[in-house]
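Visitor:
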Amino acid sequence: MEEREVVVIGAGPAGLSAALEAARAGAHVLLVDENSKPGGQLFKQIHKFFGSHEHRAGVRGIDIGTQLLEEAERLDIEVWLDAEACGIFNTTDVWIVRNKEKSVTVRAKRIILATGAVENSVNFPGWSLPGVMGAGAAQTMINLHRVLPGQKILMVGSGNVGIIVSYQLLQAGADVKAVVEAAPRLGGYGVHTAKVRRAGVPFYTSHTVLEARGTDHVESATIVQLDDKWKPIPGTEKELDVDTICIAAGLTPLVELAFAAGCEPLYSPLLGGMVPWHDRSMATSIPTIYLAGDISGVEEASTAMEEGRMAGLSAAYSLGYVDRETYAVGFDAAEKRMLALRSGMFGQKRRDAKAAIVGHSRG
Numbered sequence: 015m016e017e018r019e020v021v022v023i024g025a026g027p028a029g030l031s032a033a034l035e036a037a038r039a040g041a042h043v044l045l046v047d048e049n050s051k052p053g054g055q056l057f058k059q060i061h062k063f064f065g066s067h068e069h070r071a072g073v074r075g076i077d078i079g080t081q082l083l084e085e086a087e088r089l090d091i092e093v094w095l096d097a098e099a100c101g102i103f104n105t106t107d108v109w110i111v112r113n114k115e116k117s118v119t120v121r122a123k124r125i126i127l128a129t130g131a132v133e134n135s136v137n138f139p140g141w142s143l144p145g146v147m148g149a150g151a152a153q154t155m156i157n158l159h160r161v162l163p164g165q166k167i168l169m170v171g172s173g174n175v176g177i178i179v180s181y182q183l184l185q186a187g188a189d190v191k192a193v194v195e196a197a198p199r200l201g202g203y204g205v206h207t208a209k210v211r212r213a214g215v216p217f218y219t220s221h222t223v224l225e226a227r228g229t230d231h232v233e234s235a236t237i238v239q240l241d242d243k244w245k246p247i248p249g250t251e252k253e254l255d256v257d258t259i260c261i262a263a264g265l266t267p268l269v270e271l272a273f274a275a276g277c278e279p280l281y282s283p284l285l286g287g288m289v290p291w292h293d294r295s296m297a298t299s300i301p302t303i304y305l306a307g308d309i310s311g312v313e314e315a316s317t318a319m320e321e322g323r324m325a326g327l328s329a330a331y332s333l334g335y336v337d338r339e340t341y342a343v344g345f346d347a348a349e350k351r352m353l354a355l356r357s358g359m360f361g362q363k364r365r366d367a368k369a370a371i372v373g374h375s376r377g
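Okay, structure coming up:
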């Protein structure tokens, strides 16, 4: 059995930020990720972040990821890639399979879970045809692998992911035939939606996919209007000539490691479903295990990075690496930036949902 002070599981925005904060404080950090490259979602985000200077406004996600990785290298953070964390036992022991062949158990004084989230699917006749995929999968193909998933795209979902990926598909040379949204209004930020509208892409609110048709791949899709009870309205069907259907129907937190370890669960529809309870410091009901990012509730990459900083600093403080005053200053600054991100029409609801999680009286 190997031993480390802090093990961070997940090398996306939250995990990288947590590892950096703990390492800056002086802790020996092991960063584990099942992928062959660290950085997670940041390296698919070629658009510029917006907000304030302290939230890296005007900087592209891929550049933020590069900056974080360069800092991790300077701090000598130990990184295991192609390494899958398969379980947590006795609140401290992390079972990791490296390169799909070597099994290692690492005993950690503190564990930070930054496992992210998985895309939701939408089921309809033909949904298993090649050409139906998550919007995140399409984004990976165009931005990481430089491969178009298809030529004629139907995007299902008008949230930020659906709109941003639609615009990036347009930039990559695809023809986005339409964006459909089951809700009666669009869900993404106006600054993103306006770009897609100006490109001439039609939006269909109160619509969903009724069926995908094709033999060995998607050849067309039928959309239909929904009534105020979310039921299809007969006679409103419209067939679209598409070869790819991208699903942007939200995310579900990847909570399996946390719940298998025994962390207390809570349900919050706004945050993506079942999530582990955590306190203000990002500690779970198991004091040795902390959370950061989408596992604690689905939000934006900028918020995930702030939660990562809070979790990393809290773990380092609990190990005695920083004094109370230093911890309070650093933690409060990160929390203030995070709360600023949760202000406004969209963020306030998540701010309230997060407050409910933290304020929950554990049974």
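Letter by letter, the sequence shown follows residues 15 to 377 of my numbering. Glycine included, every Cβ here is placed at the ideal spot set by N, Cα and C. All values reported here derive from a predicted model rather than from experimental measurement.
What are the residues that DSSP puts in a beta bridge with LYS166?
Guide: Bridge partners of LYS166: ASP189.
Visitor: Using 8 Å as the cut-off, can you tell me whether the region 103-110 makes contact with the region 277-293, which would need three or more C-beta pairs spanning the two stretches below that distance?
Guide: No, the region 103-110 is not in contact with the region 277-293.
Visitor: Below 7 Å CB to CB, which residues in the same chain sit around ALA367 once its five sequence neighbours on both sides are set aside?
Guide: Cβ within range, chain order: SER282, LEU284, LEU285, GLY311.
Visitor: Which same chain residues end up closer than 6 Å to GLY148 when comparing Cβ atoms and leaving out the 5 residues on each side of it in sequence?
Guide: Taken in chain order, the residues that qualify are GLU133, ILE261.
Visitor: Tell me which residues share the same chain as ALA272 and place their Cβ nearer than 6 Å to its Cβ, disregarding the 5 neighbours each side in the sequence.
Guide: Here the set comprises LEU127, PRO290.
Visitor: Quick one: Cα of LEU240 to Cα of SER172, how far?
Guide: So the two alpha carbons sit approximately 16 Å from each other.
Visitor: So GLU19 packs on LEU333, CB below 8 Å; how close in whole Å?
Guide: Sure, about 6 Å apart at Cβ, within 8 Å.
Visitor: Just curious, the beta strand (DSSP E) that MET147 is in, first and last residue?
Guide: 146-148 is the span of the beta strand (DSSP E), which, as asked, contains MET147.
Visitor: To which residues does DSSP link MET288 through a beta bridge?
Guide: Note: MET288 sits in a beta bridge opposite TYR281.
Visitor: What does the alpha-carbon distance come out to for the pair GLY140 and GLU225?
Guide: Approximately 6 Å between the Cα atoms of the pair.
Visitor: Using only the alpha-carbon positions, how far apart do GLY373 and ARG294 sit?
Guide: Rounded to the nearest angstrom, the two C-alpha atoms are 9 Å apart.
Visitor: Whole angstroms is fine: what's the gap from HIS67's alpha carbon to THR229's?
Guide: Low per-residue confidence applies at HIS67: pLDDT is 49, beneath 50, and the placement is therefore not dependable, though the value from the model is reported in the following sentence. Distance between the alpha carbons of HIS67 and THR229: 50 Å.
Visitor: I'd like to confirm something about ASP293: is its beta-carbon nearer than 8 Å to some heavy atom of the ligand GDP, or not?
Guide: What this structure holds is no ligand at all, so the ligand GDP is not there to describe.
Visitor: Looking at the structure shown, is VAL120 part of a helix, part of a strand, or coil, going by DSSP?
Guide: Residue state, collapsed to three classes: strand.
Visitor: Determine the extent of the beta strand (DSSP E) in which VAL43 is found, giving its start and end residues.
Guide: Start and end: 43-46.
Visitor: Out of TYR304, ALA347, TYR203, which one is the CA nearest neighbour of GLY276?
Guide: Nearest option by C-alpha distance: TYR304.
Visitor: Terminal residues of the continuous beta strand (DSSP E) containing LEU34?
Guide: It is not in any beta strand (DSSP E) - LEU34 instead sits in the alpha helix (DSSP H) that spans 27-39.
Visitor: Return helix, strand or coil for GLY326, following the three-state DSSP convention.
Guide: The answer is helix: DSSP assigns GLY326 an H, G or I state.
Visitor: Below 8 Å on the Cβ atoms is my guess for LEU82 versus SER31; work out the distance and round it to an integer in Å.
Guide: Their Cβ separation, rounded to whole angstroms, is 7 Å, which keeps LEU82 and SER31 in contact under 8 Å.
Visitor: Got a sec? Which residues, its chain only, sit under 8 Å from LEU327 by beta carbon, not counting five neighbours each side?
Guide: Counting only Cβ-Cβ distances below 8 Å, and skipping sequence neighbours, we find GLU35, ALA36, ALA39, VAL336, TYR341, GLY344, PHE345, ALA348.
Visitor: Starting from the Cα of ARG124, find the closest Cα among SER316, THR80, PRO301 and give me that residue.
Guide: Selected option, being the one with the closest Cα: PRO301.
Visitor: Taking the straight line between their C-alpha atoms, what separation do you get for VAL232 and HIS221?
Guide: VAL232 and HIS221: Cα-Cα distance of roughly 19 Å.
Visitor: Is it the case that the region 198-208 contacts the region 247-258, given that we only count it when at least three CB pairs across the two stretches are under 8 Å?
Guide: As far as the Cβ criterion goes, the region 247-258 does not touch the region 198-208, which means the pair count is below three.
Visitor: Hey, GLY322 and ALA33: beta-carbon distance below 9 Å or not?
Guide: A contact, by the Cβ cut-off of 9 Å.
Visitor: Nearest by alpha-carbon distance to VAL190: which of ALA197, SER117, ARG212 is it?
Guide: Checked all of ALA197, SER117, ARG212; the closest Cα to VAL190 is ARG212.
Visitor: Smallest Cα separation from VAL111: which of PRO144, LEU162, GLY150, ASP47?
Guide: Among PRO144, LEU162, GLY150, ASP47, the Cα nearest to that of VAL111 is on ASP47.
Visitor: Expressed to the nearest angstrom, what Euclidean distance is found between the alpha-carbon atoms of ALA99 and ALA274?
Guide: Between ALA99 and ALA274, the C-alpha separation is close to 12 Å.
Visitor: Quick check on PHE345: does DSSP put it in helix, strand or coil?
Guide: Three-state result, PHE345: helix.
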